[in-house]
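S.K.:
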Amino acid sequence: MFAPIMRKSLLSLLSLCISVSVFSQETLIPVPVSQQQKSGVFTLPKTIVIEAQQTPGNTLQDLKSHLSLPTGYSVTTTSSNSNATIRLILNTNADAQLGAEGYTLDVSPKAIQIRANQPAGLFYGVQTLLQLLPKDIESKVPVKNTAWTIPCQTITDYPRFSWRGLMLDVSRHFFTKQEVKGFIDEMVKYKFNLLHMHLTDDEGWRVEIKSLPRLTQVGAWAAPRQGTYGTFPAPAPEEPRTYGGFFTQDDIREIVQYAKDRFVNILPEVDVPGHSLAAIVAYPELSCTPGVDKYKVRSGERIMDWHKGGFDALIDNTLCPANEKIYPFLDKVFTELAQLFPFGYIHIGGDECAKNFWEESDAVKALMKKENLKNMEEVQSYFEKRVEKIVESKGKKVIGWDEILEGGLAPNSAVMSWRGIAGGIQAAKMGHQVVMSPTTFFYLDYMQGDAAVEPPVYASLRLNKTYSFEPVPDSVDPKLIIGGQANLWTEQVYNTRHMQYMIWPRSMAVAECLWSPKEKKDWNSFTKRVEANFDRLDVEEVKYARSMFDAIITPKKDYAGNRSIVVELDTEIKGLDIYYSWDNSNPDNFYPKYTGALNVPKDASWLKVITYRDGKPIGKQINIAVSELQSRAGITPQD
Ligand code: ACM
17 MFAPIMRKSL
27 LSLLSLCISV
37 SVFSQETLIP
47 VPVSQQQKSG
57 VFTLPKTIVI
67 EAQQTPGNTL
77 QDLKSHLSLP
87 TGYSVTTTSS
97 NSNATIRLIL
107 NTNADAQLGA
117 EGYTLDVSPK
127 AIQIRANQPA
137 GLFYGVQTLL
147 QLLPKDIESK
157 VPVKNTAWTI
167 PCQTITDYPR
177 FSWRGLMLDV
187 SRHFFTKQEV
197 KGFIDEMVKY
207 KFNLLHMHLT
217 DDEGWRVEIK
227 SLPRLTQVGA
237 WAAPRQGTYG
247 TFPAPAPEEP
257 RTYGGFFTQD
267 DIREIVQYAK
277 DRFVNILPEV
287 DVPGHSLAAI
297 VAYPELSCTP
307 GVDKYKVRSG
317 ERIMDWHKGG
327 FDALIDNTLC
337 PANEKIYPFL
347 DKVFTELAQL
357 FPFGYIHIGG
367 DECAKNFWEE
377 SDAVKALMKK
387 ENLKNMEEVQ
397 SYFEKRVEKI
407 VESKGKKVIG
417 WDEILEGGLA
427 PNSAVMSWRG
437 IAGGIQAAKM
447 GHQVVMSPTT
457 FFYLDYMQGD
467 AAVEPPVYAS
477 LRLNKTYSFE
487 PVPDSVDPKL
497 IIGGQANLWT
507 EQVYNTRHMQ
517 YMIWPRSMAV
527 AECLWSPKEK
537 KDWNSFTKRV
547 EANFDRLDVE
557 EVKYARSMFD
567 AIITPKKDYA
577 GNRSIVVELD
587 TEIKGLDIYY
597 SWDNSNPDNF
607 YPKYTGALNV
617 PKDASWLKVI
627 TYRDGKPIGK
637 QINIAVSELQ
647 SRAGITPQD
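Per the numbering used here, the sequence shown starts with residue 17, numbered consecutively.
1) CB-CB under 7 Å to PRO240, same chain, minus the five flanking residues each way: which ones, in chain order?
2) Is there contact here, the region 183-199 with the region 504-520, by at least three beta-carbon pairs under 8 Å?
3) Given the structure, does ASP367 come close to the ligand ACM, in the sense that its CB is under 8 Å from one of the ligand's heavy atoms?
4) Give me the Cβ distance between PRO175 and GLU528, rounded to the nearest whole Å; I'm assuming they're in contact under 8 Å.
5) Taking GLN194 as part of the alpha helix (DSSP H), name the residues at either end of that continuous run.
6) Please report the Cβ distance between PHE58 and THR165, rounded to the nearest whole angstrom; I am assuming they are in contact, meaning their Cβ atoms lie under 8 Å.
7) Figure out for me which residue from LYS412, ALA438 and ARG435 has the closest Cα to the Cα of PRO427.
8) Should THR334 and SER292 be called a contact, given that it needs their Cβ atoms to be closer than 9 Å?
9) Report all residues from its chain with a CB closer than 7 Å to the CB of GLY366; omit the five preceding and five following residues, and keep chain order.
10) How many angstroms separate the CA atom of TYR89 from the CA atom of GLU195?
11) Pick from VAL395, ILE331 and GLU547: whose alpha carbon is nearest that of TYR560?
12) Let's test the definition: count the other Cβ atoms within 10 Å of the Cβ of ASP630 and tell me whether it reaches 16, buried, or not, exposed.
13) I'd like to confirm the pairing. Which residues does DSSP put opposite ILE102 in its beta bridges?
14) What three-state label does DSSP hand PHE550 in the structure shown?
15) Does the Cβ of PHE208 have 16 or more other Cβ atoms within 10 Å, making it buried, or fewer, making it exposed?
16) Short check: CB of ASN339 to CB of LEU302, under 9 Å?
17) Quick check: does the Cβ of THR192 come within less than 8 Å of any heavy atom belonging to the ligand ACM?
18) Among GLY290, TYR311 and GLN134, which has the Cα closest to the Cα of ALA370?
19) Alpha carbon to alpha carbon, how far is THR92 from VAL280?
20) Quick one: is the Cβ of TYR459 within less than 8 Å of any heavy atom of the ligand ACM?
21) Looking at LYS572: is its Cβ nearer than 9 Å to the Cβ of ILE594?
22) Sort out for me which residues DSSP pairs GLN273 with in a bridge.
23) Among the candidates LYS156, ILE130 and ILE64, whose CA atom is the shortest distance from the CA of LEU85?
24) First and last residue of the alpha helix (DSSP H) that includes THR351?
25) List the endpoints of the continuous alpha helix (DSSP H) containing PHE458.
26) For the ligand ACM, is there any heavy atom lying closer than 8 Å to the beta carbon of ASN503?
27) At 4 residues or longer, what runs of the alpha helix (DSSP H) sit wholly inside the region 206-288?
28) How many angstroms separate the CA atom of LYS312 from the CA atom of LEU231?
29) GLY141: buried (16+ other C-beta within 10 angstroms of its C-beta) or exposed?
30) What residue range does the beta strand (DSSP E) around THR512 cover?
31) Using C-beta distances below 6 Å, list every residue in its chain close to SER647, excluding the 5 sequence neighbours before and after it, in chain order.
32) Nearer than 8 Å: is that true of the beta carbon of TRP417 relative to any heavy atom of the ligand ACM?
33) So, using beta-carbon positions, are VAL473 and LYS636 closer together than 9 Å?
34) Starting from GLN134 and walking both ways along the alpha helix (DSSP H), at which residues does that stretch end?
35) By the three-class DSSP mapping on this structure, what secondary structure does PHE18 have?
36) Quick one, are the C-beta atoms of MET524 and LEU460 less than 9 Å apart?
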């Protein structure tokens, strides 16, 4: 008698463990407001019926294709069937808590129900449902032997912020319409709702303006280059300009519609008055220093001189605020942009405008006298105010990089705070709406791990730093912080695979900062969910960075010694072991395991480090010369 009872209790213990472990297989990013487990498991039937009313957008199509392709099951839709497998229901009485983008998702053994006030909420409910299904749901080919199950549960979810953006720079390197659509497909999985397209810069003008055809006829084309952008020699005068491209107005309309069907707004940016070389190449009379054949679209040669006191342009890439021709020019540009992009805001750039050519210009000096402008910041502010008037005359609101604050701003204008959060705080204190986009947390062009193993960029930003961002500073009215945005500048991003690598997983961290309640954020839980999402991205064949598994190597001056350093090793995520060598051989888990700060053995020339988890290598091996460790610690050869 004893044995069967024991077996029974063991069995129930086992089944409890299984159900707990099924549920605790966390995947959802961003983490929802509330997720309650229920007993039982839902299994997709071979004949899936989706009940949905006609609602705008691609929700139903997205769900249908996701379900039918990998499962091979039949998926039909109906407008009313209370026995449907999956029901998408728009609330007749709005649930105030859910707002415009929230949803509830109920998974019971026989059916799944998603409810929302608005179509956008149904779309996000579907994204959550897809993340709850096994990773194979992302497969582009039929998959055999997958158990298409979801643990029963109830989710209530809605976003913390209404502006959840990603910026793609399509100027420095051009990404096609198809690539932009792919970008949108990926971002909506993590509930982003805004794509900021940086459409113009020194390296290319990427949007057709019919009344100004030279912008794209000549302004969209550079000499092809590969390597370290920013270091290339200037192209030869007659070198063919075959690299580039632009979006026709039809392309833009297609992208806007594609985005709209996925509840994504497109924010267009025309970056003026700096970063304007492509426009000046097309229409040299727009600069303070016009000249025939003087300008070429940048092909990655040096263009700015960055120094302690600021920066100067080596080539005049600024529109001339004292030149009356630029205002009708911008009027034409913003007239066409306003017609193409339905979103309420247009981004007017405003960042990093070099003033050295303005300082030399007699026209600018005359303008300063006439308008009583005391310095170059006031000259820029004069320009911004006129541009604001033009944009507002097209029925749009202005947003710009935080430099547009300097010298005052139209009351309806919003600020994108990129030089840290100070500009955002200042703007909010002046009553402007703010989108937080600081380099220190949200710059996706920065390296995500050690410079020794990442494609080189001038700065670093690890996943844990991005995840730690809190968009609302203590001292401001939280209502004015409308959200945040992470930016992918593409000087060093030449292709889509690398674009994906730079975006993921840091944009998952951004998504959680912008959607989830602050108190639900939890780094350890997040990294587990990131790993589950890596598996999903593998199935989708989307590239991502595994840098969070790498060691963090921090050399420090050891002030007790003479020219000596200590090296601290750490990891971003818990549960990894670090092994190292100083003898030039490649370490594995039979080498010394890191337990505390390391002294550099006399005459050692390389530190080599690798991370393991559960006895298996997991991070990249990182090799750093001792001379490099010394230099990182601030010890120069003459010290
Ligand atoms: C910027 O990163 N220059 C806005």
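Note that CB positions come from ideal geometry on N, CA and C, so glycine has one too.
M.R.: Once the coordinates are examined:
1) THR258 and TYR259
2) yes
3) yes
4) Wrong, their Cβ atoms sit about 11 Å apart, outside the cutoff.
5) 193-205
6) 6 Å
7) LYS412
8) yes
9) GLU400, GLY416, TRP417, GLU419 and ILE420
10) 29 Å
11) GLU547
12) exposed
13) ILE66 and ILE128
14) helix
15) buried
16) yes
17) no
18) GLY290
19) 26 Å
20) yes
21) no
22) Beta-bridge pairing links GLN273 to no other residue.
23) LYS156
24) 342-356
25) 455-458
26) yes
27) 230-233 and 265-276
28) 12 Å
29) buried
30) THR512 -> not in any beta strand (DSSP E); alpha helix (DSSP H) instead, spanning 512-519.
31) none
32) yes
33) no
34) No alpha helix (DSSP H) contains GLN134, which DSSP labels as neither H nor E.
35) Only weak support is given to the placement of PHE18: the predicted model assigns it a pLDDT of 37, under 50, and the value that follows is read from those uncertain coordinates. Here PHE18 sits in helix by DSSP.
36) no
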